[in-house]
Amino acid sequence: MGRTLAAAAFPAFAVAVSWLRLEDPRVAGAVSVVTLLALLPALPPSGRTRALAAGVSALGALWLAFGTQPWELVPFRDERVVGPLRESIELGVGDFYGVVLPFDAARHPDMDGVLLLAVFGFVLAIALFVAARRPLAAAAVAVAGTGWPATLLGEGAVPTGALALAAALSIPLFLRARSLTALAAGAALAAFVVSGAAWASSATTFSRDGIFSWETWNFGRTPASALGVRFVWDASYDGISFPARETTVLRIAGVERAQYWRASTLDTFFDDRWFEELSGVSLREAKGPLALDALAPARARRQETWVEQRVQVKALVDDRLVAAGTPVAVDAPSVGSVFSYSGGVLRATTPLDVGTRYRIWSHLPDPSPAALASTLARYPSAAQRFLVLWGRSIPAYGRTGRDEIVRGLLENPSYSDFGAYRPLFERARRVTAGARSPYAAVLKIESWFRTSGGFRYEERPPRAIDLPPLVHFATVTKAGYCQHYAGAMALMLRMLGIPARVAVGFTSGQYADGAWNVTDRNAHAWVEVWFPRHGWVAFDPTPGRGTFSATYSFASDSAEAVDALGRGRLETLSGTGRDGRETDGFKVASLPSPRDQPSILLLAFVLALVSAAVIGTVKWLVRRLRYLTIQPRLIAAASRKELEAFLRDQGIAVPASATLDDLRRSFTEELGIDSRAFIEAAGRGRFGPPRDARRAAQSARAELRTLLRRARGGLSFRARVRGFFSLRSLRGWQG
């Protein structure tokens, strides 16, 4: 009993600690109780009694996990009892692949119940296998039970892996050690193996290539809609790639016209990239009208202009509340409090859980092209921050002498980083030559990117070497994706003295059953330009993005826009890109779909590899230690022990009192091979005259190698594998 508890205690502790990492705050009391309940069935001596005890413990675990009282289940009553229990378990399991981890047990009781059942199930399996003296099976369960939480949490892979390996090695250590000396030696060897594995996992050569990125495996085979998709919204120009399977991240109802769904804005350009640098923050309850900043148009304060959107989070893992246009009011009781930033960005205090629903109202600017064409470049002080580059304020569009001022900044040696962008500034001047208003300049640049400039959409564009990425894109390769187009256009507009920023979020998605289904492939970046009396207006320079119905968006190349600008026909800007693609985006981190990930079979394969390495190393060390002597009689004895070890590993009983002749008979009867030559040589080396002992011992080793080679050649593959993994040969570790 004592040996059983000792062998099961540490793996049980490892499983409990690993699963507790999924909770914050951690409810250690309930986990400790279910762990003890799972260990108790290992104490009875007979298998039938252990099975009965396991059933009783399972009822207790269900009571703790879901409040289901045992007498409600025994005897089985009706679906009114089992139905809710089954539903709670199903919901809890699904939430583990949707709710942001670690989770709050008070807010997600079903998840807490599933966690308790998982700990109970793994520990119970370990305890029963240990009681049945099945160390390999118990070790496999220990590795799976300790490692599974890391696949959900996605962090702490190295310490979790070391803990799982230590738990697996501790089981045969406690079950097989016959003395304190053997226990200490085994513990030292196990510590060496665990330390080596932890080092290998964290070493640069291994971790860089992700040889065993097992913390990202998905064992649930859950549908893609249940997986979390994360984005990093700051600009990146190194290329993008989408998983093979498309994932719905949002469902938005209440708006029938296609919109851009904005998650955030990138207001600052620094170190060759656009960054999210929000300002004017206030923490408030996620309910009621929002405080609007000075750049919001007056119409945004009139409720009759508000448009309601009903948003459901499907798989997006983010703390930002997505909305169209300028958010003006919100109703999100499940979110609690939100940070409200100037510019219309809302962020919750924690990432939104999958399934979260909220309502948000927006002001959608809808100025006519004539209204935009008539606006003058008169910008209030609040808009000046959107004319800043490298810490310097750029003169407003149309100001006398502004080009010379900008060139002076570009040529100033104090602003060497700015100087590399002179080709982009000169290109912006040439493209907008003749534009009489900021709106005309914006349309010229948008049209240049979409059609007349010779650009193409490319998810893996060539990397810049001697030029900043956006300069290289706009003046050399002319190949990129949405972040290149939006980033370059916003930068060119600021150089021209027009307030602009990069907006990030999603295009409209597909409209079906009264709602927009937005997927990860709708992730997008576009440009927002500020106009007096109208606020932030969206423009999209990326080829292949299609036409939205709003007149301020890409559809501004309509006849209305032509008439308003009083110039020749603009080139057609709509249609698909040159490569025929319709989507782009910049997913940086996501949980891939199950089809893209290894399954539980791969875990079993890796576990087999680890077990083979450990067992093979231990057996090799034991065999080498036997031969670390110059005494011929000890060498002959070591040869005999090696033969005994081979027989035991094949499941052939070898009594401790067996003689050499007994070994010969067992070998012949069980394997059909005559071992007489080895037996005679081993006998002379062990008991013969001293003058012949050395030659006989050497002959015994040679005969043994020949004998074992013949024996292994006659075994089936299954028998050889079983013998390799068998621990029966480790006599000092036998129970």
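Numbering (this note's numbering), first residue to last: 309 to 1043.
Glycine included, each C-beta is placed from N, C-alpha and C at the ideal position.
Being a predicted model, the structure only gives us computed values, none of them experimental.
Worksheet item: According to DSSP, is Leu-672 helix, strand or coil?
Response: Mapped onto the sequence shown, residue 672 falls at position 364. If DSSP states are grouped into helix, strand and coil, Leu-672 belongs with coil.
Discussion item. Distance check for Ala-322 and Ala-316, CA to CA, integer angstroms please.
Written reply: To locate residue 316, count along the sequence shown from 1; it is residue 8. To locate residue 322, count along the sequence shown from 1; it is residue 14. Going from the Cα of Ala-316 to the Cα of Ala-322 covers about 10 Å.
Worksheet item: At a cut of 8 Å, does the region 586 to 599 reach the region 630 to 648 through at least three beta carbon pairs?
Response: yes
Item to complete: Report whether the distance from the Cβ of Arg-934 to the nearest heavy atom of the ligand COA is below 7 Å.
Response: Questions concerning the ligand COA fall outside what the structure shown contains, since it holds no ligand whatsoever.
Practice prompt. Let me know the alpha helix (DSSP H) ranges lying completely inside the region 382 to 453, each 4 residues or longer, listed in chain order.
Written response: 387 to 403, 417 to 439
Worksheet item: Can you tell me where the alpha helix (DSSP H) with Ala-833 in it begins and where it stops?
Response: On the sequence shown, position 525 is the one that residue 833 refers to. Element bounds for Ala-833: not the alpha helix (DSSP H) but the beta strand (DSSP E), 831 to 839.
Worksheet item: Taking the alpha-carbon positions, what's the Asp-412 to Arg-735 distance?
Response: Taking the first residue of the sequence shown as position 1, residue 412 is located at position 104. Taking the first residue of the sequence shown as position 1, residue 735 is located at position 427. For Asp-412 and Arg-735, the distance between alpha carbons rounds to 54 Å.
Discussion item. Threshold first: 3 residues or longer. Then list the beta strand (DSSP E) segments lying entirely within the region 574 to 660, N to C.
Written reply: 576 to 578, 581 to 583, 590 to 593, 595 to 597, 614 to 621, 634 to 639, 645 to 649, 653 to 656
Worksheet item: Taking the alpha-carbon positions, what's the Thr-634 to Arg-607 distance?
Response: In the sequence shown, the residue the question calls residue 634 occupies position 326. In the sequence shown, the residue the question calls residue 607 occupies position 299. Rounded to the nearest angstrom, the two C-alpha atoms are 11 Å apart.
Worksheet item: Based on the DSSP secondary-structure assignment, which residues constitute the bridge partners of Ser-572?
Response: The residue labelled residue 572 in the question sits at position 264 within the sequence shown. BP columns for Ser-572 point to Val-812.
Item to complete: Decide if Ala-324 is buried, meaning its Cβ has at least 16 other Cβ atoms within 10 Å, or exposed.
Response: Working through the sequence shown from its first residue, we reach residue 324 at position 16. Here Ala-324 is buried. Its C-beta has 16 or more other C-beta atoms within 10 Å.
Practice prompt. Quick one: grab the DSSP three-state call for Ile-960.
Written response: Looking up residue 960 in the sequence shown gives position 652. Reduced to three states, the DSSP call for Ile-960 is coil.
Fill in: Where the beta strand (DSSP E) containing Leu-558 begins and where it ends
Within the sequence shown, numbered from 1, the residue matching residue 558 stands at position 250. Start and end: 556 to 561.
Discussion item. When you compare the CB positions of Ala-948 and Ala-1001, do they come within less than 8 Å of one another, or not?
Written reply: Along the sequence shown, read from residue 1 onward, the residue named residue 948 stands at position 640. Along the sequence shown, read from residue 1 onward, the residue named residue 1001 stands at position 693. Checking the sequence, you will find Arg at residue 948 rather than Ala. No; because the gap between Cβ atoms is not below 8 Å, this pair is not in contact.
Worksheet item: Ordered along the chain, which non-local residues of its own chain (more than five positions away) have a Cβ less than 6 Å from that of Arg-618?
Response: Here residue 618 corresponds to residue number 310 of the sequence shown, with the count starting at 1. Around Arg-618: Ala-561, Gly-562, Arg-667.
Worksheet item: Going by alpha carbons, who is nearest to Arg-665 out of Val-653, Val-638, Arg-686?
Response: Mapped onto the sequence shown, residue 665 falls at position 357. The option with the nearest alpha carbon to Arg-665 is Val-638.
Worksheet item: Would Asp-957 be called buried (16 or more neighbouring beta carbons within 10 Å of its own) or exposed?
Response: Along the sequence shown, read from residue 1 onward, the residue named residue 957 stands at position 649. Under this definition Asp-957 is a buried residue.
Item to complete: Report all residues from its chain with a CB closer than 6 Å to the CB of Ser-745; omit the five preceding and five following residues, and keep chain order.
Response: What you label residue 745 is simply residue 437 of the sequence shown in a count that begins at 1. The residues are Ala-681.
Worksheet entry | DSSP state of Ser-1024 mapped onto helix, strand, coil | Here residue 1024 is taken as the residue at index 716 of the sequence shown, counted from 1. Coil, per DSSP.
Worksheet item: Any idea what DSSP makes of Gln-567, helix, strand or coil?
Response: Counted from its first residue, the sequence shown places residue 567 at position 259. Here Gln-567 sits in coil by DSSP.
Fill in: Inter-residue Cα distance where the pair is Ala-782 and Ser-544
For the purposes of this step, residue 782 is taken as the residue at position 474 of the sequence shown. For the purposes of this step, residue 544 is taken as the residue at position 236 of the sequence shown. If you draw a straight line from the Cα of Ala-782 to the Cα of Ser-544, it is about 16 Å long.
Discussion item. Tell me the rounded alpha-carbon separation between Phe-975 and Ser-1007.
Written reply: Position 667 of the sequence shown, counted from the start, is the residue given in the question as residue 975. Position 699 of the sequence shown, counted from the start, is the residue given in the question as residue 1007. Going by the C-alpha atoms only, they are around 19 Å apart.
Fill in: Sheet register partners of Tyr-666 (DSSP bridge)
In the sequence shown, residue 666 corresponds to position 358, counting from 1. Answer is Val-619, bridged to Tyr-666.
Worksheet item: In the DSSP assignment, what are the bridge partners of Val-844?
Response: Here the question's residue 844 lines up with position 536 in the sequence shown. The sequence given here places Trp at residue 844; Val does not occur at that position. Paired residue(s): Trp-838.
Worksheet item: Thinking C-alpha only, which one of Arg-841, Tyr-819, Ala-794, Pro-807 is nearest Pro-851?
Response: For this step, residue 851 is matched to residue 543 along the sequence shown. Closest by alpha carbon: Ala-794.
Worksheet entry | the region 335 to 348 contacting the region 448 to 459, beta-carbon criterion three pairs below 8 Å | no
Worksheet item: Helix, strand or coil for Glu-767 per DSSP?
Response: Sequence index remark: in the sequence shown, residue 767 carries index 459 (1-based). In this structure, Glu-767 counts as coil in the three-state DSSP scheme.
Item to complete: With a cut-off of 8 Å on the beta carbons, I'd call Ala-350 and Arg-358 a contact; round off their distance for me.
Response: Working through the sequence shown from its first residue, we reach residue 350 at position 42. Working through the sequence shown from its first residue, we reach residue 358 at position 50. With 8 Å as the limit, Ala-350 and Arg-358 qualify as a contact, their Cβ atoms being about 7 Å apart.
Worksheet item: Terminal residues of the continuous alpha helix (DSSP H) containing Trp-756?
Response: Mapped onto the sequence shown, residue 756 falls at position 448. Taken as a continuous stretch (DSSP letters only), Trp-756 belongs to no alpha helix (DSSP H), as it is neither H nor E.
Worksheet item: Looking only at its own chain, which residues have a Cβ that is under 6 Å from the Cβ of Arg-581, when we skip the five neighbours before and after it?
Response: Numbered from 1 along the sequence shown, position 273 holds the residue referred to as residue 581. Here the set comprises Ala-543.
Discussion item. Measuring straight from C-alpha to C-alpha, what distance separates Gly-663 and Ala-571?
Written reply: To locate residue 663, count along the sequence shown from 1; it is residue 355. To locate residue 571, count along the sequence shown from 1; it is residue 263. If I take the Cα positions, the gap works out to 18 Å.
Worksheet item: Does DSSP put Leu-285 in a helix, in a strand, or in coil?
Response: With the chain covering 309 to 1043 only, the question about residue 285 has no answer from this structure.
Worksheet item: In or out: Trp-756 buried (at least 16 other Cβ within 10 Å) or exposed?
Response: In the sequence shown, counting from the first residue as 1, residue 756 sits at position 448. By the neighbour-count definition (other C-beta atoms within 10 Å, threshold 16), Trp-756 is a buried residue.
Worksheet entry | Three-state class that DSSP yields for Trp-541 in the structure shown | To locate residue 541, count along the sequence shown from 1; it is residue 233. Correct three-state label for Trp-541: coil.
Item to complete: Have a look at Leu-899 and Gly-469 and give me their C-alpha separation to the nearest angstrom.
Response: Translated into the one-based positions of the sequence shown, residue 899 becomes position 591. Translated into the one-based positions of the sequence shown, residue 469 becomes position 161. Here Leu-899 scores only 41 on pLDDT, less than 50, and its place in the model should not be relied on; the value that follows carries that caveat. Between Leu-899 and Gly-469, the C-alpha separation is close to 20 Å.
Practice prompt. Look up Arg-329 in the DSSP assignment and say whether it is helix, strand or coil.
Written response: Within the sequence shown, numbered from 1, the residue matching residue 329 stands at position 21. Three-state result, Arg-329: coil.
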